[in-house]
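Working notes for the structure below.
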Amino acid sequence: MQKKIVIVGAGVAGINAATKLVDNGYPGELITIIDKGNDPINRLPEEVMTGMLGAGGWSDGKLTYHTAIGGQLNKYCGDEKAMQLMDQVISNFRRFHPKPEEIFMSDPQEEPEFIKPYFGLRMFPVWHIGSNFLHEIAKAWYSYLLDKGVKFEWKTEVEDIDFNDNRIYTHNADMQYDTLIFAVGKSGIDFAQKLSDEYSFPTEPKSVQIGVRFEAPQKYFQKLIDVSYDFKLYQKFDKVSLRSFCTNNNAAYVAVEETYGDVSYNGHAKKGKEFENQMTNFGILMEIKGIEDPFKWSRDVVQKLQENGTGLYYSPGNTRKPGLTSEGSTVSATQIGWLELIKVTQVMEPYFDYVVNFIDDMNKVFEFGDDYGIYIPEVKYLSPEPLVKYDSLALANYPNVHFVGDALSARGITVAGAQGIYVSEYLLSNRS
Ligand SMILES: Cc1cc2nc3c(=O)[nH]c(=O)nc-3n(C[C@H](O)[C@H](O)[C@H](O)COP(=O)(O)OP(=O)(O)OC[C@H]3O[C@@H](n4cnc5c(N)ncnc54)[C@H](O)[C@@H]3O)c2cc1C
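Position 4 of the sequence shown, counted from 1, bears residue number 137 in this note's numbering, the numbering being contiguous throughout.
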């Protein structure tokens with residue numbers, strides 16, 4: 134008998150999981166995908182976090198291709214399998230792309246001399262798609278899954294799950310499942326935490342990842358962009374390591390992320406001449422070890438860095454102002470001067486100095502002077518990772534419940550999608 138599969142979350146992980154199943158003959162009619170966001174026809178560009186293809190499948194679309202980037206994958210399945218799974222994700226994005234020949238790849242081979250001795254450069258290939266193409270991809274992909282019979286429930290938030298009774302609850306309905314793929318991503322982190330507490334899932338603690346989004350005219354960074362489009366500069370200290378993260382160029386926009394009602398920042402890039410603004414933005418993220426209850430610490434810090442219901446923006450001497458979003462409105466942020474920056478330092482005590490020093494070191498290499506701004510904070514909430522079986526990503530006590538994507542241990546598109554496909558391969562090989 135074929136089983137009824139319910140996927141909570143139509144993000145990168147959930148959609149790749151469903152695609153793998155129907156590509157291999159699993160009846161679409163037995164798959165239901167529930168998402169609290171919108172379908173790709175009605176989803177607005179500014180609905181950054183929720184809806185068809187989730188967060189990173191709607192904005193930007195840098196497909197990284199390395200087992201050390203984007204979260205955990207090879208620890209479950211080994212390096213070779215991990216690369217094979219990532220290949221499948223990239224090939225899905227190509228398959229539904231209206232102009233696959235326009236996907237470009239950056240693949241740095243050597244650390245350039247000019248960044249030494251201040252920084253190291255992490256080297257890995259990355260394909261770049263661009264937000265506007267992602268919206269077309271999402272529509273084509275959706276249409277394929279509908280044709281295969283997959284059922285979707287949009288604008289439907291799953292509010293509770295009874296793992297003992299195999300039942301999920303939404304605002305006004307409930308649904309039975311045989312197999313559950315839990316793929317709620319970052320916007321479902323609270324929900325995942327609630328379930329984890331309720332069912333006392335064994336979990337693995339995570340480090341804190343927090344910092345700022347840096348923005349400056351692209352001309353200063355061009356010599357490095359020519360080597361690596363999505364460059365990742367890094368510095369390592371005893372308990373803290375820093376890296377530049379998710380670099381956007383040419384048509385680069387800062388995006389506001391709302392999690393738990395607080396504002397933090399991210400970025401994305403569009404493709405096409407009409408969107409070009411000659412700006413570069415990237416996160417400068419610290420990974421801090423040794424903080425007790427890192428999740429709570431990050432949430433407290435982010436909360437304290439809110440002013441007037443939004444995050445902060447600092448540019449030395451007010452040289453720059455918050456930029457425009459890709460929809461043409463000003464990025465929501467309260468501009469602060471150096472006095473208030475001292476408060477930021479106090480809130481992130483003793484860590485913010487690492488970010489300041491990172492920027493000072495970049496200034497020695499790229500010579501942008503005061504011509505830059507930082508959006509505060511950028512954060513990656515890493516909730517404790519539920520412990521899962523490595524062959525199926527299923528919870529130990531609930532073998533029919535599979536965790537995938539950012540809800541497990543992914544931090545990027547290719548890894549999230551790959552985890553979804555990995556679970557589907559397991560389900561396909563174990564169907565009875
Ligand atoms: C602006 C932005 C740009 C990014 N750019 C990149 C990039 O270029 N490259 C990269 O590798 N990574 C990028 N990322 C990170 C990437 O988005 C994530 O790693 C990836 O999307 C995770 O996939 P996922 O399927 O686990 O979760 P998501 O893609 O976040 O999808 C989760 C889905 O679950 C739904 N959901 C949540 N809770 C519920 C609930 N209770 N009930 C029903 N539905 C629910 C949400 O609506 C959402 O659609 C970016 C993130 C952001 C925010």
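Note that CB positions come from ideal geometry on N, CA and C, so glycine has one too.
Since we're looking at a predicted model, the values are computed, not measured.
Can you determine whether any heavy atom of ligand 1 sits closer than 6 Å to the C-beta of residue i, and answer yes or no?
i	result
residue 399	yes
residue 385	no
residue 320	yes
residue 391	no
residue 143	yes
residue 183	yes
residue 192	yes
residue 556	no
residue 417	no
residue 83	Beyond the ends of the chain as shown, which are 134 and 565, falls residue 83; an answer cannot be given.
residue 503	no
residue 327	no
residue 337	no
residue 195	yes
residue 394	no
residue 271	no
residue 290	yes
residue 539	yes
residue 324	yes
residue 551	no
residue 489	no
Specify, as a first and last residue, the run of the alpha helix (DSSP H) that residue i falls within.
i	result
residue 325	322 to 332
residue 170	Here residue 170 belongs to no alpha helix (DSSP H), and DSSP marks it neither H nor E.
residue 262	From DSSP, residue 262 is part of no alpha helix (DSSP H); its letter is neither H nor E.
residue 555	546 to 562
residue 163	Note, residue 163: premise wrong, no alpha helix (DSSP H); not H, not E.
residue 303	Note, residue 303: premise wrong, no alpha helix (DSSP H); beta strand (DSSP E) at 300 to 303.
residue 428	427 to 437
residue 156	145 to 156
Kindly indicate the opening and closing residues of the beta strand (DSSP E) around residue i.
i	result
residue 414	412 to 421
residue 314	312 to 315
residue 307	307 to 309
residue 139	138 to 141
residue 284	284 to 286
residue 294	291 to 295
residue 446	445 to 447
residue 534	534 to 536
If you draw a straight line from the C-alpha of residue i to the C-alpha of residue j, how long is it?
i	j	result
residue 285	residue 139	10 Å
residue 250	residue 343	24 Å
residue 143	residue 411	33 Å
residue 359	residue 371	31 Å
residue 272	residue 194	15 Å
residue 387	residue 135	45 Å
residue 260	residue 238	4 Å
residue 568	residue 487	With the chain covering 134 to 565 only, the question about residue 568 has no answer from this structure.
residue 218	residue 545	14 Å
residue 141	residue 525	17 Å
residue 322	residue 292	12 Å
residue 406	residue 253	32 Å
residue 442	residue 186	28 Å
residue 173	residue 408	21 Å
residue 299	residue 314	12 Å
residue 552	residue 398	26 Å
residue 197	residue 216	11 Å
Open item on the list: Which complete beta strand (DSSP E) runs does the stretch 449 to 479 hold, if anything under 3 residues is left out?
Closed with: Along the stretch 449 to 479, the beta strand (DSSP E) occurs as fully enclosed runs of 3 or more residues at 467 to 469, listed in sequence order.
- [ ] Quick one: which unbroken alpha helix (DSSP H) runs of 4-plus residues sit fully inside the stretch 185 to 256? Chain order, please.
- [x] Counting whole runs of 4 or more residues, the stretch 185 to 256 contains the alpha helix (DSSP H) stretches 207 to 210 and 212 to 228.
Open item on the list: At 4 residues or longer, what runs of the alpha helix (DSSP H) sit wholly inside the stretch 328 to 405?
Closed with: If one requires a minimum length of 4 residues, the alpha helix (DSSP H) runs lying completely within the stretch 328 to 405 are 355 to 358, in chain order.
- [ ] Could I get the ranges of all uninterrupted alpha helix (DSSP H) runs contained in the stretch 477 to 529, with 4 residues as the minimum, in chain order?
- [x] As far as the stretch 477 to 529 is concerned, its whole alpha helix (DSSP H) runs of at least 4 residues are 485 to 499.
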